[in-house]
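**Student:**
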Amino acid sequence: MTRGASVVVIGGGWAGCSAAVAAVKAGARVTLLERTDMLLGAGLSGGIMRNNGRYTAAEEAAAMGAGDLFAITDAHSIHTNVSFPGHEHASLYDITTIEPPVRSALEHLGVTVLTQRRIISVRVEGDTVLSVGTADGETWEAGAFVDATGSAGPMGSCTKHGNGCAMCMFRCPSFGPRQGVTKLAGAREIALEGPRPAPGVFSGSCDLIKTSLSREIVSKLDRDGVAVVPLPRSFINKSKLSSKACQQYALDAYAENLVVLDNGHAKIMTPYFPLEHLRQVPGFECARYAEPLAGGKGNSVRYLSIAERDDTLKVIGLANLFCCGEKCGPYVGHTEAILTGAVAGRNAAAAAAGAGLLRLTRNTVTGDLIAVALDERPSAARFSSTLTFAGGAFFERMKERGLYTTDARLIRSRVRSEGLEGVFGRPVTAP
Ligand SMILES: Cc1cc2nc3c(=O)[nH]c(=O)nc-3n(C[C@H](O)[C@H](O)[C@H](O)COP(=O)(O)OP(=O)(O)OC[C@H]3O[C@@H](n4cnc5c(N)ncnc54)[C@H](O)[C@@H]3O)c2cc1C
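Under the working numbering, the first residue of the sequence shown carries the number 1, and numbering increases by one thereafter.
#1: Does DSSP put residue 305 in a helix, in a strand, or in coil?
#2: When the Cα atoms are used, what is the spatial distance from residue 222 to residue 262?
#3: Less than 8 angstroms between the CB atoms is what I'm expecting for residue 86 and residue 333, so what's the real figure, rounded?
#4: Flag this pair as yes or no: are the beta carbons of residue 71 and residue 345 separated by less than 7 angstroms?
#5: By Cβ distance below 7 angstroms, which residues in the same chain neighbour residue 124 in space, the five residues on each side in sequence not counted?
#6: Let me check you understand the geometry: is the CB of residue 139 closer than 6 angstroms to at least one non-hydrogen atom of ligand 1?
#7: By alpha-carbon positions, which one of 302, 176, 171, 313 ends up nearest to residue 205?
#8: Tell me the DSSP bridge mates of residue 352?
#9: Could you tell me which residues DSSP pairs with residue 230 in its beta bridges?
#10: Label residue 81 either buried or exposed according to how many other C-beta atoms from any shown protein chain fall within 10 Å of its C-beta, with 16 as the threshold for buried.
#11: Below 8 angstroms, can you find three or more Cβ-Cβ pairs linking the stretch 149 to 157 to the stretch 316 to 331?
#12: Suppose contacts are defined by Cβ-Cβ distances below 7 angstroms. Is residue 161 in contact with residue 194 by that definition?
#13: What is the rounded straight-line gap between the Cα of residue 406 and the Cα of residue 79?
#14: Should residue 36 be listed as close to ligand 1, given that the test is whether its C-beta is under 6 angstroms from any heavy atom?
#15: What are the boundary residues of the beta strand (DSSP E) that includes residue 123?
#16: Should residue 63 and residue 412 be called a contact, given that it needs their Cβ atoms to be closer than 7 angstroms?
#17: For residue 143 versus residue 92, is the C-beta spacing smaller than 7 angstroms?
#18: State buried or exposed for residue 7, treating a residue as buried only when at least 16 other CB atoms are found within 10 Å of its CB.
#19: Inspect the beta-carbon positions of residue 212 and residue 294 and report whether they are closer than 7 angstroms.
#20: In whole angstroms, what separates the C-alpha of residue 83 from that of residue 90?
#21: Hey, is residue 43 close to ligand 1, as in C-beta under 6 angstroms from one of its heavy atoms?
#22: Confirm, please, whether the CB-CB distance from residue 95 to residue 264 is below 7 angstroms.
#23: Taking Cβ positions, are residue 430 and residue 353 nearer each other than 7 angstroms?
#24: Among the residues of its own chain, which have a CB less than 6 angstroms from the CB of residue 41, if the five just before and after it don't count?
#25: Could you check the C-alpha separation between residue 23 and residue 388 for me, to the nearest Å?
#26: Compute the minimum distance between the beta carbon of residue 337 and the heavy atoms of ligand 1, and state whether it is under 6 angstroms.
#27: May I have the straight-line CA-CA distance separating residue 330 from residue 88, to the nearest angstrom?
#28: Could you name the residues of the same chain whose beta carbon sits closer than 8 angstroms to that of residue 133, not counting the 5 residues immediately before and after it, in chain order?
#29: Restricting to Cα atoms, I'd like to know which of 16, 298, 300, 373 is closest to residue 102.
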């Protein structure tokens with residue numbers, strides 16, 4: 001493969017998909033390498049978009065020219081404007097059908113998408129990454145690379161720091177463990193050490209097969225997108241709240257009830273729930289887990305491998321490696337992955353073309369999210385909590401700084417006044 005204005009993105013979750021879109025729109029030739037047989041990674045579960053500050057972020061992305069993937073999640077939303085405890089105006093995309101449209105959109109834009117390509121080696125000369133390679137000897141050279149390998153798993157981490165492999169959508173036993181390019185290239189990774197005794201946090205929700213629930217719950221989900229089912233007192237366990245990745249759902253309402261959302265499956269907002277207890281909850285007598293398959297016992301453990309990077313999302317110590325999504329900070333969310341992916345992809349294309357790197361200002365919610373993780377990382381070089389537009393400390397900060405709004409016109413005019421309107425829609429140019 002030719003060097004020059006070419007970019008290789010490793011990891012096809014929302015962050016990697018977004019990096020690929022941004023890099024191709026910036027003018028690079030782009031190859032996206034994913035280790036499993038499907039794109040979207042953790043985005044194959046979840047589906048909650050536009051809740052709380054994520055609405056502002058999605059509109060900001062559109063104003064900056066990075067709205068392509070949000071247009072797809074909007075088009076595939078089965079519910080919009082849903083409210084559930086602590087969350088307003090959420091939409092829920094259908095996790096069972098979202099992947100093929102994303103893959104075809106990427107290919108339509110000109111991204112070469114290659115699945116079942118697990119990168120296990122990186123060739124570095126000085127501070128420059130030259131190529132990445134798979135176990136069976138395929139290699140890709142490029143002018144710049146994006147590490148979008150996420151932070152979930154591998155199986156050994158879930159065993160060591162969690163309750164064992166829960167058989168989640170990452171399917172490590174079949175496709176091999178996650179491996180970060182940053183670490184393979186010799187740069188530093190940082191772990192999140194939150195309130196749990198072990199590093200990392202559990203993924204905060206599970207998907208049940210919708211048809212395994214009672215007709216009453218299914219029709220409520222079909223109609224409203226949400227059902228809040230009170231738990232018997234003996235099953236209320238508030239200590240589980242602090243172990244989850246999504247601290248925006250660490251509210252008592254999530255310990256006292258089963259909050260169920262319709263994302264194509266029935267998403268329960270709890271990291272795991274013993275099946276024998278779940279089946280004692282009215283309406284859940286026949287419940288079965290869809291994702292993770294062993295959701296009665298555990299869930300994936302995440303945030304053990306965050307790259308050390310600067311505010312352009314360039315990995316510290318390497319001239320042409322960028323990172324995004326869970327790889328670039330303790331960020332929870334599809335929206336957070338898409339927006340950081342846009343910055344990393346655009347900057348990788350710029351680095352490959354010899355053009356200047358983009359630093360989003362702190363007057364954008366994306367720029368502030370990227371900067372806050374740098375402010376918050378203590379000298380002990382670990383993170384202590386996750387960050388998201390959807391709740392917790394960062395959403396409070398958005399409100400305090402007057403950045404949270406659902407007024408699309410206001411968001412666009414803010415983006416325009418920062419000189420960033422359409423910035424992700426234009427090719428980068430070298431001086
Ligand atoms: C169960 C669950 C439910 C969630 N629910 C929601 C929700 O409703 N709404 C929301 O906004 N967020 C939700 N989240 C969080 C959100 O999904 C993630 O924060 C976000 O999608 C992470 O995206 P990413 O691209 O950074 O990482 P990932 O999605 O982890 O993607 C990384 C990709 O890299 C690949 N990869 C890893 N190593 C290699 C390698 N060496 N070579 C090639 N490929 C590699 C992996 O296979 C994977 O596809 C949920 C997460 C989980 C786990």
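For glycine and all other residues, C-beta sits at the position ideal for the given N, C-alpha and C.
**Tutor:** So, from the listed chains and residues:
#1: Your numbering for residue 305 matches position 305 in the sequence shown. Looking at residue 305 - three-state DSSP - the assignment turns out to be coil, as it is neither helix nor strand.
#2: One-based indexing of the sequence shown puts residue 222 at position 222. One-based indexing of the sequence shown puts residue 262 at position 262. Roughly 7 angstroms separates the two Cα atoms.
#3: Against the sequence shown, residue 86 aligns to sequence position 86. Against the sequence shown, residue 333 aligns to sequence position 333. In fact, because the Cβ distance is near 15 angstroms, the residues do not count as touching under 8 angstroms.
#4: By 1-based counting over the sequence shown, the position of residue 71 is 71. By 1-based counting over the sequence shown, the position of residue 345 is 345. Their beta carbons are not under 7 angstroms apart, which means residue 71 does not touch residue 345 by this criterion.
#5: Here residue 124 is taken as the residue at index 124 of the sequence shown, counted from 1. 130, 185, 186, listed in sequence order.
#6: The sequence position of residue 139 within the sequence shown is 139, counting from 1. Residue 139 Cβ: outside cutoff for every heavy atom of ligand 1.
#7: Along the sequence shown, read from residue 1 onward, the residue named residue 205 stands at position 205. Checked all of 302, 176, 171, 313; the closest Cα to residue 205 is 302.
#8: As a first step, residue 352 must be located in the sequence shown, where it is residue number 352. Beta-bridge pairing links residue 352 to no other residue.
#9: Here residue 230 refers to the residue found at position 230 when the sequence shown is read from its first residue. In DSSP, residue 230 forms a bridge with 257.
#10: What you label residue 81 is simply residue 81 of the sequence shown in a count that begins at 1. Answer is exposed; the Cβ neighbour count stays below 16.
#11: yes
#12: Start at 1 with the first residue of the sequence shown, and residue 161 comes out as number 161. Start at 1 with the first residue of the sequence shown, and residue 194 comes out as number 194. Their beta carbons are not under 7 angstroms apart, which means residue 161 does not touch residue 194 by this criterion.
#13: Here residue 406 corresponds to residue number 406 of the sequence shown, with the count starting at 1. Here residue 79 corresponds to residue number 79 of the sequence shown, with the count starting at 1. One C-alpha to the other measures close to 18 angstroms.
#14: As a first step, residue 36 is located in the sequence shown; it is residue number 36 there, counting from the start. The answer is yes for residue 36.
#15: In the sequence shown, residue 123 corresponds to position 123, counting from 1. Segment 119 to 125, the beta strand (DSSP E) holding residue 123.
#16: Against the sequence shown, residue 63 aligns to sequence position 63. Against the sequence shown, residue 412 aligns to sequence position 412. Cβ distance < 7 angstroms, so residue 63 and residue 412 count as in contact.
#17: The count along the sequence shown starts at 1 and reaches residue 143 at position 143. The count along the sequence shown starts at 1 and reaches residue 92 at position 92. For residue 143 and residue 92, no; Cβs fall outside 7 angstroms.
#18: The residue you call residue 7 lines up with position 7 of the sequence shown. Its Cβ being crowded by 16 or more others within 10 Å, residue 7 is buried.
#19: Residue 212 sits at position 212 when you count from the first residue of the sequence shown. Residue 294 sits at position 294 when you count from the first residue of the sequence shown. Cβ distance not < 7 angstroms, so residue 212 and residue 294 don't count as in contact.
#20: For the purposes of this step, residue 83 is identified with residue 83 of the sequence shown, where counting begins at 1. For the purposes of this step, residue 90 is identified with residue 90 of the sequence shown, where counting begins at 1. Near 6 angstroms, if we compare the C-alpha coordinates of residue 90 and residue 83.
#21: Here residue 43 is taken as the residue at index 43 of the sequence shown, counted from 1. Indeed, a heavy atom of ligand 1 lies less than 6 angstroms from the Cβ.
#22: Looking up residue 264 in the sequence shown gives position 264. Looking up residue 95 in the sequence shown gives position 95. Yes; because the gap between Cβ atoms is below 7 angstroms, this pair is in contact.
#23: Position 430 of the sequence shown holds residue 430. Position 353 of the sequence shown holds residue 353. Yes.
#24: Here residue 41 refers to the residue found at position 41 when the sequence shown is read from its first residue. Here the set comprises 13, 150.
#25: As a position in the sequence shown, residue 23 is number 23, starting the count at 1. As a position in the sequence shown, residue 388 is number 388, starting the count at 1. Each residue's Cα considered, the two are about 24 angstroms apart.
#26: Reading the sequence shown from its first residue, position 337 is the one you call residue 337. It does: the Cβ of residue 337 is within 6 angstroms (strictly closer) of some heavy atom of ligand 1.
#27: If you number the sequence shown from 1, residue 330 lands on position 330. If you number the sequence shown from 1, residue 88 lands on position 88. Their Cα atoms are separated by approximately 23 angstroms.
#28: Taking the first residue of the sequence shown as position 1, residue 133 is located at position 133. Closer than 8 angstroms at Cβ, skipping near neighbours: 119, 120, 121, 122, 123, 139, 140.
#29: Residue 102 sits at position 102 when you count from the first residue of the sequence shown. Closest by alpha carbon: 16.
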